[in-house]
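Data block below; observations after.
There are 4 protein chains.
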Amino acid sequence: MIIVIKPNVSTEQINLFSNELKQQYGVEVNKWIGVQSTVLGLLGDTHRVDIDSIQAQPIVDSIKRVQEPYKKANRKFHPDNTVIDVGGVKIGDGSLPIIAGPCSVESEEQIIEVAKRVKAAGATMLRGGAFKPRTSPYAFQGLRAEGLELLLEAKKETGMPIVTEIMRVSHIDLFEDVDLIQVGARNMQNFELLKELGKLNKPILLKRGLSSTIDETLMSAEYIMSEGNDKVILCERGIRTFEPAYRNTLDISAIPMLKKLTHLPIIVDPSHAAGIPWLIEPLSLAAIGAGADGLIIEVHNCPAKALSDGAQSLTPDQFDTIANKILKAKTALSNI
Amino acid sequence: MIIVIKPNVSTEQINLFSNELKQQYGVEVNKWIGVQSTVLGLLGDTHRVDIDSIQAQPIVDSIKRVQEPYKKANRKFHPDNTVIDVGGVKIGDGSLPIIAGPCSVESEEQIIEVAKRVKAAGATMLRGGAFKPRTSPYAFQGLRAEGLELLLEAKKETGMPIVTEIMRVSHIDLFEDVDLIQVGARNMQNFELLKELGKLNKPILLKRGLSSTIDETLMSAEYIMSEGNDKVILCERGIRTFEPAYRNTLDISAIPMLKKLTHLPIIVDPSHAAGIPWLIEPLSLAAIGAGADGLIIEVHNCPAKALSDGAQSLTPDQFDTIANKILKAKTALSNI
Amino acid sequence: MIIVIKPNVSTEQINLFSNELKQQYGVEVNKWIGVQSTVLGLLGDTHRVDIDSIQAQPIVDSIKRVQEPYKKANRKFHPDNTVIDVGGVKIGDGSLPIIAGPCSVESEEQIIEVAKRVKAAGATMLRGGAFKPRTSPYAFQGLRAEGLELLLEAKKETGMPIVTEIMRVSHIDLFEDVDLIQVGARNMQNFELLKELGKLNKPILLKRGLSSTIDETLMSAEYIMSEGNDKVILCERGIRTFEPAYRNTLDISAIPMLKKLTHLPIIVDPSHAAGIPWLIEPLSLAAIGAGADGLIIEVHNCPAKALSDGAQSLTPDQFDTIANKILKAKTALSNI
Amino acid sequence: MIIVIKPNVSTEQINLFSNELKQQYGVEVNKWIGVQSTVLGLLGDTHRVDIDSIQAQPIVDSIKRVQEPYKKANRKFHPDNTVIDVGGVKIGDGSLPIIAGPCSVESEEQIIEVAKRVKAAGATMLRGGAFKPRTSPYAFQGLRAEGLELLLEAKKETGMPIVTEIMRVSHIDLFEDVDLIQVGARNMQNFELLKELGKLNKPILLKRGLSSTIDETLMSAEYIMSEGNDKVILCERGIRTFEPAYRNTLDISAIPMLKKLTHLPIIVDPSHAAGIPWLIEPLSLAAIGAGADGLIIEVHNCPAKALSDGAQSLTPDQFDTIANKILKAKTALSNI
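Chains as they are written, first to last, in the numbering used here: chain A, -12 to 323; chain B, -12 to 323; chain C, -12 to 323; chain D, -12 to 323.
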């Protein structure tokens, strides 16, 4: 970390400040005195240094981080890819698991039929919303606890591990048999929830917030990991921009950038990124090209009747075709 | 609500769909058959209509809302300004209450000293963070329950109502004596928390999310109100844009736009919007010009030692000067 | 186009307005009278209808376009892909031409060496900046006319068609022997320049502006086409968002969306989108997955000495490897 | 400027690089050798240093500017406000001139009537579009040269200085009698146009681009100033964000920030920022609170018939009321 001191600050003040930094954070402080300004260089483990608190010092002009603020999620300290086992399915090992299923669980028949169809098409995990974060309090909020039970039924029936979203700390017990617990984009900085999930020994799927930076996403992963749970899978699902042609803008560059910065697996959600079924195929192929570790795709047995987000779902027949192309593309690109 | 049907859909299908809409939502459906396309107009109370579900119908081309999706927050159904009493201080009555205090409560001396200073300068409510949402798990997370107690001490000492942020449903009991419970920008769409706060009979300060639209902000207010709690105060605190010169971009247009759309009071947080102390004065004066119902400003008795966000705080001396200007500007502009 | 009339407008006023619309734009106007509001539907060719002017009518509440505002660029009226011949190289025919070369032309040796190297690696067109749009007036502005001559030398030497940017109408004559004239992102809405380029019979490479929507990009293409020049190639080169990890955010979804909306070819510029050399490979593979018609990549024979934008350039050795992967990926994905 | 060198670079390479920097830019280079990394500090006049070229060096990790990249526009080197005389009207002297008039000049009667009305209401300059940058080639493009003549008529008739937009270098001669030449948001980085305007001895109104940063805006001013023309007035007119409730988002913080960074006057355009007439009043009052040096407001004698952008214009009657409030607010706030 490099700290630029304002002009005309006395040597005494600078020394006082340096000593405080040493004591508070256990770092080495080097001083470089220029003609116009003095620069301090902090050496050692600076990830606990509170950048806001330093910026607040009246003698500080500006700060430049050299080290990343995350440690457990940082590839520098963990060069190998983390491979996470979700109910027998590996994520992060170079394969391309596809998670598929409806936005919302609606009935036993629905979820079991969709589960069977997506399994047949090549998906290896089942997704389905039980607790649904909806912008409107008047919209369908999910079958909640009952939805979880139906998912577990579908798991029994098909053997597929299940993925579903949690929205509240007090629900954690209900999620005991869920294989992969999802934290949605709107809760990416629900730090109290992250901390509690960090105490579990269970994989967590952390979706990037709509306007969260890559660094913030990694800091949210760090919240979970700092409590002891290393099983974090990141998910790029589109960011908010000025473009109205699609619901969100898939940040494809985030995939290689995250692969470089962290050892955690990164999957892509083309359904939420686009909000338009026919965009799912090209965005999935793009995600493979960019190096994604998996895909999560919405499939509904009758999109026209979906109680939520049907507009972005594929039919099982459409999914058959697309899953087939996705798996072929993965193989083709693995061999170049 | 206007629904444009795709070309080449049969009259039978359109009638079937119209009937479903009538039955499911209790609305009237008018049909206008053009040469190229058919348009359906929904009449009646459409705020419960699930726009995603309709968009999902394969025969639907696109939808245009005519009515707003919020009802209890909507000025159309509640033309008069809502005035909210926060421990004796009115918000929304044309006055300009100033909420001031440190980002984090750090000690009894600190909070009591700041409380006395800001009261003397003209503030009528005390803010202070006990539970702090920090991007990094390694940063100071607030004194938590102890911080709440210190705030209550400062309230006893000065008689000022207190404002502080809640981060978790299970903490609600701890907030019993808090006068105004704040929901932070990162939790604006923590719908489970909003629903529980909707069951209280206590004012809620709802901050706009960093990339939330005005409609989404009002839908989050609607979550609280739909559970029975009408005491919602909105807060514009800056949105995320591409501009790096300040931490966030204060969306000044949101103030008059919200005043038109809703009857709820709107306050402005120039400290978080800017992240730079010297911008607080001009942004506060701008907020008054735009019609804000109040201001929330960070003041610290020693910004250089603040454990969080000090960089954006004023000293009490600076606040004296600014509060004086703010109150004079309010009076001056009220008389034009 | 659907026009929602405000409540409480008299039938007479509505009829007057309808008649004006018919006369001014030659469209049919259908009227649908609801209980709360009246809706007008415009039929016929609405692309000349001035939406701002209609929105300005005091009786108009809001407008919804059903047809796109562009006509010559619209795939609906030209279902087949447009294939553009650039000095013998086809773009838009399903192949994946690679345009490569330095950001700036710096010397005869430089441009000829780079040209030979990129040709050997599989590139089929040469790019190089002669007139350079730089944010700072103090930065290197390109060799200008001399740079164009050096590019023409390299064309003679290698037989590759050349691509270079124009910044001013009065330079058009200088570009007579340029095979593909580039309009940069900053000039995407320099309408006077677009109109003049529309009078040429020469391919134009139109880069999307940093914060231009897809519709605006197509309207800028329409400016060129409306003057008679149909040879427009679009280029996605990253948009501006809040994310600081890369210079711009490649909008990968724009590729399939543009392919659906227009018949014009779309190429991708991963160098400018990322601003980081190691991101060029994954972004190029993603672009192929998303269906791009070509790539434009910066290559410099000595990135460390480039007079502009060197930071985003590959060395010729790096380009050898990447071009090889790109071409293999294109073949692999063409066969799935 | 601070340059962080990558780890494991030899002392020899670092020295070589330092010497190059000294020779190329005439700066002093200080070296600070840390345990993990070496940092170079550049002293002297660094505004000509090409940051992209340095970033391209393979041994460079990252760069931090300490000095601003603009010099002539920089308040550090010109602490007093620049006051610009536009045909007798001063901008930047603490007063609040209002520029008003229609989006487009449409006829002699129209422009003269509007001119008289806005003058009577307190405006001191007349705006009106002759050359209009329209998104669609099919929309009204302005009366062009004829529009300029009509503006000059209105100037003769009322004595008000006139402001109008230029779109092309070859039109400069036509603008000889224009008092203040406007560069629109879409041309803010039309560097060839800026350079030519820099050769005039005439005030230039430079509008901020839709997604231009504050630094980029100042660099565009620097383009004009570096050619010798110091008479640059900046204009904040709203930036592009995700918020759909208004056409653009007025960046109110840009006003005090620009006032701090530059000595040039800053005016605000609430009409284009909002695109909605009733927002003009609150945004104008906000702009005064934030410290704006002037306002530019669209007024049309019959908004419903405006050939462009009528939707955002006030009627002269509405302008009477608003101009009155604006001038009272300016006086009121000047006295606090």
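Heads up, the beta-carbon is just placed ideally off N, CA and C, and yes, glycines get one too.
Residues near residue i by beta carbon distance below 6 Å, same chain, minus five either side
i, result
"THR111(C)", "VAL76, PRO84"
"GLY196(C)", "ALA172, MET175"
"SER199(D)", "MET175"
CA-to-CA distance, residue j to residue i, given in whole angstroms
i, j, result
"SER5(A)", "LYS18(A)", "9 Å"
"ASP280(B)", "ALA141(B)", "25 Å"
"ASN61(B)", "VAL47(C)", "21 Å"
"ILE226(C)", "PRO264(D)", "30 Å"
"MET212(B)", "VAL92(B)", "30 Å"
"ILE71(A)", "LEU167(A)", "10 Å"
"GLU95(B)", "LEU137(B)", "6 Å"
"MET244(C)", "LEU270(A)", "11 Å"
"GLN11(D)", "ILE41(D)", "11 Å"
"ALA208(A)", "ASN216(A)", "10 Å"
"LEU113(C)", "ALA261(C)", "20 Å"
"SER(-3)(B)", "SER49(B)", "17 Å"
"GLU203(A)", "THR69(C)", "43 Å"
"GLY74(A)", "ILE149(A)", "8 Å"
"PRO252(D)", "GLU268(A)", "51 Å"
"GLN44(D)", "PHE127(C)", "17 Å"
"GLY115(A)", "ALA316(D)", "57 Å"
"THR145(C)", "ASP164(C)", "15 Å"
"LEU272(D)", "ARG155(B)", "39 Å"
"GLY81(A)", "ASP238(A)", "21 Å"
Reduced DSSP category for residue i - H, G, I as helix; E, B as strand; rest coil
i, result
"LYS194(C)", "strand"
"ASN68(D)", "coil"
"SER94(B)", "coil"
"GLY88(C)", "strand"
"LYS(-7)(A)", "coil"
"SER5(D)", "helix"
"GLY173(D)", "At residue 173(D) the sequence reads Arg, which differs from the Gly that was named. Helix, per DSSP."
"ILE46(B)", "coil"
"VAL53(C)", "coil"
"LEU30(C)", "strand"
"VAL219(C)", "strand"
"ILE38(D)", "helix"
"MET(-12)(A)", "coil"
"LEU205(D)", "helix"
Integer-rounded CB distance, given that residue j should sit under 8 Å from residue i
i, j, result
"VAL26(D)", "ILE(-10)(D)", "7 Å"
"VAL36(A)", "VAL14(A)", "7 Å"
"GLY88(A)", "ALA102(A)", "7 Å"
"PRO257(C)", "LEU282(C)", "7 Å"
Chain-order list of residues whose beta-carbon lies under 8 Å from that of residue i (same chain, five-residue window excluded)
i, result
"ASN(-5)(B)", "none"
"THR302(D)", "VAL286, HIS287, ASN288, CYS289, PRO290"
"TYR210(A)", "PHE178, LEU181, LYS182, GLY185"
Own chain residues within Cβ distance below 7 Å of residue i, not counting five before or after
i, result
"GLU100(A)", "ASN288"
"GLY276(C)", "LEU320"
"PRO124(D)", "none"
Proximity test, residue i beta-carbon vs the ligand GDP heavy atom, cut-off 8 Å
i, result
"VAL219(D)", "Among the components modelled here there is no ligand, and therefore nothing to report on the ligand GDP."
For a minimum of 4 consecutive residues, which ranges assigned as the alpha helix (DSSP H) are wholly contained in the segment 239 to 317 of chain D?
Listed in chain order, the complete alpha helix (DSSP H) runs (minimum 4 residues) inside the segment 239 to 317 of chain D are 241 to 248, 257 to 261, 267 to 277.
Every unbroken alpha helix (DSSP H) inside the segment 118 to 154 of chain B [4 residues or more]:
Fully enclosed alpha helix (DSSP H) runs of no fewer than 4 residues occupy 132 to 145 of the segment 118 to 154 of chain B, in order along the chain.
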